[in-house]
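Peer 1: Structure below; questions to follow.
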Amino acid sequence: MRGASRARQPLGTQNRTLWFWVFVGPFALGLVLFTYVPLAWSVYLSFFDAHNTVSPTEFVGLDNYTSMLRNDAFTDSLVTFAVFSAFIVPTTFVLSLALALMVNRTRRAQAFFRSVFFLPAACSYVVAALIWKLSIFNGVRFGLANTVLGWFGAEQVAWLSTTQPPWYWLVIVTVRLWLQAGFYMILFLAGLQRISPTLYEAAAVDGARPGWQVLRHITLPQLRATSVAVTLLLVINAFQAFDEFYNLLSDSRGYPPYARPPLVYLYYTALGQGQNLGLGSAGAVLLALIIAVVTVGQARWFGLGRKED
Amino acid sequence: MTISRRTLLATGAALGLFTACGSITGRGGGGSGGDGPRLAQWYHQYGEAGTEQAVKRYAAAYEKADVAVQWRPGNYDEQTAAALLTDSGPDVFEVNGPSLDQIQGGQVVDLTDLFEGVRDDFNPAVLAPKTYDGRIWAVPQVVDMQLLYYRRSLLDDAGVRPPRSLDELVDAAKALTTKDVKGLFLGNDGGAGALGITPLYAAGLSCVTKDGEVGFDDPAAARALGKLRQLYADKSLLLGAPADWSDPSAFTQELTAMQWCGLWALPAVKKELGDDFGVLALPADGPGGRPALPVGAYGAAVSARSDHKKEAKDFLKWLWIDKEEYQEDFALSYGFHIPARLSLAKKADKLKEGPAADAVRFSTEYGYAEPLLWTPASRTAYQDALSRIIKSGANAESELKTVVREVRAELARVKKKS
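Quick note, the sequences are listed as chains E and A, same order. If you're matching positions, the first sequence starts at 1 in my numbering and goes up one per residue. If you're matching positions, the second sequence starts at 1 in my numbering and goes up one per residue.
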């Protein structure tokens, strides 16, 4: 009977496991080889004195962790992250939501406006950072921003080279805002299109005024799940900031101590000329733990994953 | 024969895997075609036109090995540091060092025997940082130096003489600053990176003494660095130039009257400004000070992971010790450098007159080379402090106290390994 039952199995399901591994296997292997093995190796390195080597022999216990936590440069980089996310998360959220609401209401050339606002998301962070640095916000009289200031008789500003006032934040935040607002606009647009028009009709029948009242009592509550996801993504992206900071502020001799986010700091510790792979790995592990704690804490605070979501 | 979708998919996947696995060695095509083993030789990307073709020509002329030159743009020092950890790195490579950690970590091959009979002909200032424990770890290719360019006509118009002290430099930069032209360009970071430790030497100090101790635990260091802050506070410094200090554009485009730059820029400056410029070392500061400028050299080294270490050493000796005509060509035909061999530097006509002759004289009278014990960790701690002093007005004495502590710890670490 067993043999008969096997014979009746439809062709294709016989080797389901084989085909599963044919398609998933290469990617799983890549994930293990290029993500999990380096991750485990990095944790291993963090307990060793590993200058210019990935096969260290001198075990130092938690020394790398304690020196990283006592290092002002590392703690300053966390402060830089906090300041950066305090700027970038709310501004991107508000701007992308505003763009989504605007594009959603537009009746003419909707596709055109969506494309226009989304296109910067396709631009490389490196290219955008260099345009900002060399053309718009350079510190000489023919930079675009300084030319505009010159029309009003104002002095030239060295945007990326002054710390008092810290104009470099304006450059850093605007480049990322330009690059990512369009992407989050698309997420909000998807959320907006899921809201049933009957809710707005019912609100109109009940006398709700269009505009702020409808936005506050209908649109924003209905966008809650999207808003939570967008906020989480924005915070994680802020933690991963590297490209625009590095390309805006580094030069051939290094990187200034201000506006040095954690990844830039760890890059210079582990992969720059320092090549202190043990210390850098300890920093990477600490940073991963911080990101995990912040993300889980944020998700619990927003109630992400609860049944009503 | 019909090919099913599954056969096609399987063949494609297999081909993809073979392609992905094949030849990822960093020793790709483009070899010179000489007999013997294939050697990968790495250079950082030079700005001067013709240099790449020149080094490929030298490699092609070598007959005992098939030398494949890789011309690598981007962050070269980081690329080589990472490549030296793997088996796919270069056999012979240009290095801005090697660093003490690279030597102590056994990443480069001892080249002392190549210098037999010619050691005294190499400029001692640039050979010293390639020497550790009496052994030599790289062959200096050319001598590079940094110096202060000034525009004669702008100084004359402002009634300013070429500065002979740091105080005079501060005053001159202020006097030369107008609405459109700044007095001085030390790099977009205000000098923390480009000047680095040079002000310590101008104050008669050093970063690390010959005995391997901290060389700037002295009030004169804070005094000298405070003058860089003064330049910034006076708004005499050009900041935010599209091209940084290593490019002479800001100077030749009249964005600044004086600029800290390299000897390599001299032909470009001469082409734009003719004789309307002069060069200086960073002026002295205080009674114990003397003018100072950094000299250094990219060196050619052999990777300890190379499968052909002997052949790589033979090639390196042929190119950077025996073939004097190539060394002269490399130093003087493209950018502008001083040959690392004293005998070649002496007979180079291009170095015998004008600002070039001044530069050569300064390099021997005032030049200092960054010692091996000044490790990247010490350099970063010092540069961060200098940046805070210049841009944020941080107290120089307390900042330097912290750096002295960090450098002492770093010196103790590297000494423990030796």
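In this text, a Cβ means the ideal position worked out from N, Cα and C, and glycines have one as well.
Can you tell me where the alpha helix (DSSP H) with E176(E) in it begins and where it stops?
Peer 2: Translated into the one-based positions of the first sequence, residue 176(E) becomes position 176. Residue identity check: residue 176(E) is Arg in the sequence provided, not Glu. Counting along the chain, the alpha helix (DSSP H) containing R176(E) begins and ends at 168 to 193.
Peer 1: Would you kindly work out how many angstroms separate the C-alpha atoms of Q107(A) and A86(E), rounded to a whole number?
Peer 2: If you number the second sequence from 1, residue 107(A) lands on position 107. If you number the first sequence from 1, residue 86(E) lands on position 86. C-alpha separation (whole angstroms): 44 angstroms.
Peer 1: Tell me the residue span of the alpha helix (DSSP H) that contains Y43(A).
Peer 2: Position 43 of the second sequence holds residue 43(A). Note, Y43(A): premise wrong, no alpha helix (DSSP H); beta strand (DSSP E) at 38 to 44.
Peer 1: Quick check: the segment 346 to 358 of chain A against the segment 69 to 80 of chain A, are there 3 or more CB pairs under 8 angstroms?
Peer 2: With the cut-off at 8 angstroms, the segment 346 to 358 of chain A and the segment 69 to 80 of chain A do not touch.
Peer 1: Which residue comes first and which comes last in the alpha helix (DSSP H) that contains A356(A)?
Peer 2: Counted from its first residue, the second sequence places residue 356(A) at position 356. 354 to 365 is the span of the alpha helix (DSSP H), which, as asked, contains A356(A).
Peer 1: By Cβ distance below 7 angstroms, which residues in the same chain neighbour G150(E) in space, the five residues on each side in sequence not counted?
Peer 2: Taking the first sequence and counting its residues from 1, the one referred to as residue 150(E) is at position 150. These residues qualify, in order along the chain: R141.
Peer 1: Are the C-beta of R229(A) and some C-beta of chain E separated by less than 8 angstroms?
Peer 2: Counting from one through the second sequence, the residue named residue 229(A) turns up at place 229. Chain E contact via Cβ: absent.
Peer 1: Could you please give the first and the last residue of the uninterrupted alpha helix (DSSP H) stretch that includes Q79(A)?
Peer 2: On the second sequence, position 79 is the one that residue 79(A) refers to. Unbroken alpha helix (DSSP H) run through Q79(A): 76 to 83.
Peer 1: Between which two residues does the beta strand (DSSP E) holding F185(A) run?
Peer 2: Counted from its first residue, the second sequence places residue 185(A) at position 185. 182 to 185 is the extent of the beta strand (DSSP E) around F185(A).
Peer 1: Do the segment 399 to 412 of chain A and the segment 371 to 383 of chain A touch if we need at least three Cβ pairs shorter than 8 angstroms?
Peer 2: Yes: the two stretches touch, three or more of their Cβ pairs being nearer than 8 angstroms.
Peer 1: From N188(A) to C261(A), what distance separates their C-alpha atoms?
Peer 2: Locating residue 188(A) in the second sequence gives position 188, counting from the first residue. Locating residue 261(A) in the second sequence gives position 261, counting from the first residue. N188(A) and C261(A): Cα-Cα distance of roughly 12 angstroms.
Peer 1: Which whole-angstrom value describes the C-beta separation of Q275(E) and D101(A), a residue pair presumed to lie in contact below a C-beta threshold of 8 angstroms?
Peer 2: Sequence index remark: in the first sequence, residue 275(E) carries index 275 (1-based). Sequence index remark: in the second sequence, residue 101(A) carries index 101 (1-based). That belief holds up - the Cβ atoms of Q275(E) and D101(A) are roughly 6 angstroms apart, short of 8 angstroms.
Peer 1: From which residue to which residue does the beta strand (DSSP E) around Y149(A) run?
Peer 2: Mapped onto the second sequence, residue 149(A) falls at position 149. Note, Y149(A): beta strand (DSSP E), 142 to 151.
Peer 1: Does N276(E) come out as helix, strand or coil in the three-state DSSP assignment?
Peer 2: As a position in the first sequence, residue 276(E) is number 276, starting the count at 1. Residue state, collapsed to three classes: strand.
Peer 1: CA-CA distance, I131(E) and D243(E)?
Peer 2: One-based indexing of the first sequence puts residue 131(E) at position 131. One-based indexing of the first sequence puts residue 243(E) at position 243. Cα to Cα, I131(E) sits roughly 13 angstroms from D243(E).
Peer 1: Would you tell me roughly how many angstroms separate the C-alpha atoms of Q180(E) and A241(A), rounded to the nearest one?
Peer 2: As a working note, residue 180(E) is residue 180 in the first sequence. As a working note, residue 241(A) is residue 241 in the second sequence. Approximately 27 angstroms, taken between the alpha carbons.
Peer 1: How big is the Cα-Cα spacing for G190(A) and S387(A)?
Peer 2: In the second sequence, the residue the question calls residue 190(A) occupies position 190. In the second sequence, the residue the question calls residue 387(A) occupies position 387. Each residue's alpha carbon lies about 8 angstroms from the other.
Peer 1: So, at 7 angstroms on beta carbons, what are the nonlocal neighbours of L332(A) in its own chain, with the 5 sequence-adjacent residues on each side left out?
Peer 2: For the purposes of this step, residue 332(A) is taken as the residue at position 332 of the second sequence. Here the set comprises A348, K350.
Peer 1: Quick check: the Cα distance between L316(A) and K323(A), rounded to an integer number of angstroms?
Peer 2: Position 316 of the second sequence holds residue 316(A). Position 323 of the second sequence holds residue 323(A). L316(A) and K323(A): Cα-Cα distance of roughly 10 angstroms.
Peer 1: Return no unless some Cβ of chain E is closer than 8 angstroms to the Cβ of E399(A).
Peer 2: As a position in the second sequence, residue 399(A) is number 399, starting the count at 1. No, no contact with chain E.
Peer 1: Which one of S398(A), D314(A), R341(A), D144(A) has the shortest CA to CA distance from V92(A)?
Peer 2: Looking up residue 92(A) in the second sequence gives position 92. Closest option to V92(A), Cα to Cα, is D314(A).
Peer 1: Assign D251(E) to one of three DSSP states: helix, strand, or coil.
Peer 2: Here residue 251(E) corresponds to residue number 251 of the first sequence, with the count starting at 1. Correct three-state label for D251(E): strand.
Peer 1: DSSP puts E94(A) in a beta bridge; with which residues?
Peer 2: Start at 1 with the first residue of the second sequence, and residue 94(A) comes out as number 94. In the DSSP output, where bridge partners are listed per residue, E94(A) has A300(A).
Peer 1: For Q104(A), which residues of its own chain have a beta-carbon under 6 angstroms away from its beta-carbon, when the five flanking residues on both sides are left out?
Peer 2: Within the second sequence, residue 104(A) is the residue found at index 104, counting from 1. Cβ neighbours of Q104(A) beyond the five flanking positions: K417.
Peer 1: Taking 8 angstroms as the cut-off, decide whether the C-beta atoms of I390(A) and L148(A) are in contact.
Peer 2: Numbered from its first residue, the second sequence carries residue 390(A) at position 390. Numbered from its first residue, the second sequence carries residue 148(A) at position 148. No, the pair does not count as a contact, with Cβ atoms beyond the cut-off.
Peer 1: Within 10 angstroms of its Cβ, does Q273(E) collect 16 or more other Cβ (buried), or is it exposed?
Peer 2: For the purposes of this step, residue 273(E) is identified with residue 273 of the first sequence, where counting begins at 1. Classification for Q273(E): buried.
Peer 1: Can you tell me whether S196(E) is buried or exposed, with buried defined as 16 or more other CB within 10 angstroms of its CB?
Peer 2: Sequence index remark: in the first sequence, residue 196(E) carries index 196 (1-based). Exposed: under 16 other Cβ atoms inside 10 Å.
Peer 1: Which residue wins for smallest C-alpha separation from I321(A), given the options E63(A), V118(A), P287(A), A81(A)?
Peer 2: Translated into positions along the second sequence, residue 321(A) becomes position 321. I321(A) has its Cα closest to that of V118(A), out of E63(A), V118(A), P287(A), A81(A).
Peer 1: Classify V296(E) as helix, strand or coil using the three-state DSSP reduction.
Peer 2: Here residue 296(E) refers to the residue found at position 296 when the first sequence is read from its first residue. Helix, per DSSP.
Peer 1: Run the CB neighbour count on D244(A), radius 10 Å, all protein chains shown included, and call it buried at 16 or more, exposed below.
Peer 2: The residue you call residue 244(A) lines up with position 244 of the second sequence. By the 10 Å Cβ count, D244(A) comes out buried.
Peer 1: Is the Cβ of D251(E) closer than 8 angstroms to any Cβ of chain D?
Peer 2: Considering every chain present, this structure includes no chain D. Its protein chains are E and A.
Peer 1: Candidates I136(E), Q213(E), V24(E), L232(E): which alpha carbon is nearest A292(E)'s?
Peer 2: By one-based count along the first sequence, residue 292(E) stands at place 292. Out of I136(E), Q213(E), V24(E), L232(E), L232(E) has the C-alpha closest to the C-alpha of A292(E).
Peer 1: With a threshold of 8 angstroms on Cβ separation, who are the neighbours of V230(E) within its own chain once the five nearest residues in sequence on each side are excluded?
Peer 2: Reading the first sequence from its first residue, position 230 is the one you call residue 230(E). The residues are F93, S96, Y184, L187, F188.
Peer 1: Would you grab the beta carbon distance between L237(A) and L186(A) for me? Rounded to a whole angstrom, and I think it's under 8 angstroms.
Peer 2: Translated into the one-based positions of the second sequence, residue 237(A) becomes position 237. Translated into the one-based positions of the second sequence, residue 186(A) becomes position 186. Sure, about 6 angstroms apart at Cβ, within 8 angstroms.
Peer 1: Below 8 angstroms on the Cβ atoms is my contact criterion, and I expect F277(A) with R151(A) to pass it. Report the Cβ-Cβ distance as a whole number of Å.
Peer 2: Looking up residue 277(A) in the second sequence gives position 277. Looking up residue 151(A) in the second sequence gives position 151. Between R151(A) and F277(A) the Cβ distance is about 6 angstroms, and since that is below 8 angstroms, they are a contact.
Peer 1: Under 9 angstroms between beta-carbons, which chain A residues line up against Y320(E)? List them in chain order, please.
Peer 2: Since the displayed chain E opens at 1 and closes at 309, residue 320(E) lies outside it and no answer follows.
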